[in-house]
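Worksheet: the structure to be examined is printed underneath.
Chains as they are written, first to last, in the numbering used here: chain R, 47 to 177; chain G, -13 to 130.
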């Protein structure tokens, strides 16, 4: 069982998966994004802590990243999409009878996601514009 | 009704492998994370977040309810935010989130790394990261 991929990166990116594939790949990106961010954030806080602080600037640099509105838009996308899509997956897996309607449920999921993310994005952008 | 016979085996026939257990753990830990985040949100609102914090600050507190996430806000009295209940809630949320996340990272990497030796290495590295993150996080939440 070797890794035999007969698909190049460009054709892989052009794969015309539909709604379910999009949620699958965004779930991965969101999860990986959160894992990387949380590992960085914890490490930075630890390096600034009272007992183990090394007086480095690593924490400040990471905090600057965190306060950047573009990063906030990205990480809120990761968190909210992963949370809402994860709730859909959990509901479908624990009540398999709903699986027959999974395409409709994905449309409901997008409606919920854009409502919640739209509010978060509005707040982030309004705060950046000094609102 | 005969046509709708379930094709799945019962749990006793299937057995409970580690993979099955982690599959279930991923779902149940997700539910636990929702519950802990809602506990943090409700707690923040009870402790005065309605007038003293903005949206982003409340979200930051809900993602991990430790006292450092309220420093720098206009919360007047920080003491209730650092109590034992919140320390334990923050550690529980960190533990569940880290376990869910590390397992998720292993699942992703297993899709791209197929050589058994490398997969084993990926597991060791990820479990080491999990333990280190947990120790650093517990230290930061407890006394930082």
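All C-beta atoms, glycine included, are put in the ideal place defined by N, C-alpha and C. Quick caveat, the model's predicted, so the values are computed rather than measured.
Along the stretch 82 to 115 of chain R, going in chain order, the ones with a CB nearer than 8 Å to a CB of chain G are 84, 85, 88, 89, 91, 92, 95, 96, 97 and 98. With 16 or more other Cβ atoms from the protein chains shown falling within 10 Å of its own Cβ, residue 126 of chain G counts as buried. Within chain R, the residues 169 have their CB atoms less than 7 Å from the CB of residue 41 of chain G, given in chain order.
Only 91, 94 and 100 from the stretch 91 to 110 of chain G bring a Cβ to less than 7 Å from some Cβ of chain R. Shown here, residue 100 of chain G sits in coil according to DSSP, grouped into three states, outside any helix or strand. Nearest to residue 124 of chain G by C-alpha distance, out of R:162, R:118, R:129 and R:92, is R:92. In the three-state DSSP reduction, residue 62 of chain G falls in the coil class, being neither helix nor strand. Interface flag for residue 145 of chain R against chain G is unset, since no Cβ pair is found closer than 8 Å. For the stretch 53 to 81 of chain R, the set of residues with a beta-carbon nearer than 8 Å to any beta-carbon of chain G comprises 74, 77, 78, 80 and 81, in chain order. With fewer than 16 neighbouring CB atoms inside 10 Å of its own CB, residue 150 of chain R falls in the exposed class. Within a 10 Å sphere around the beta-carbon of residue 134 of chain R sit 16 or more other beta-carbons, which makes this residue buried. Take residue 122 of chain R, set aside five residues on each side of it, and the residues of its chain with a beta-carbon closer than 8 Å to its own are 163, 166, 167 and 170, in chain order. When the Cα atoms are used, residue 89 of chain R and residue 148 of chain R turn out to be separated by approximately 39 Å.
For the stretch 117 to 140 of chain R, residues whose beta-carbon sits nearer than 9 Å to a beta-carbon of chain G comprise 118, 122, 125, 129, 132, 133, 135, 136, 139 and 140.
A straight line joining the alpha-carbon of residue 80 of chain R with that of residue 28 of chain G spans about 23 Å. Taking 9 Å as the cut-off between beta carbons, the residues of the stretch 11 to 36 of chain G near chain R are 12, 13, 14, 16, 17, 19, 20 and 23, in sequence order. In the structure shown, the three-state DSSP call for residue 142 of chain R is helix. Between residue 38 of chain G and residue 76 of chain G, the C-beta gap is not smaller than 8 Å, which leaves the two residues out of contact.
Assigned with DSSP and collapsed to three states, residue 33 of chain G falls in coil, not helix or strand.
Counting only unbroken stretches of 4 or more residues, the alpha helix (DSSP H) elements lying wholly within the stretch 57 to 129 of chain R are 65 to 93 and 104 to 113, in sequence order. The Cβ neighbour count for residue 107 of chain R, taken over all protein chains shown within 10 Å, is under 16; the residue is labelled exposed. Nearest CB-CB separation between residue 2 of chain G and chain R: not below the 8 Å threshold. For residue 15 of chain G, the three-state secondary structure derived from DSSP is helix.
Relative to the Cα of residue 84 of chain G, the nearest Cα in the group G:5, G:122 and G:43 belongs to G:122. Nothing from the stretch 47 to 77 of chain G brings a Cβ to less than 7 Å from some Cβ of chain R.
Residue contact check for residue 115 of chain G against chain R: a CB pair falls below 8 Å.
Within 10 angstroms of the beta-carbon of residue 60 of chain G lie fewer than 16 other beta-carbons, which makes it exposed.
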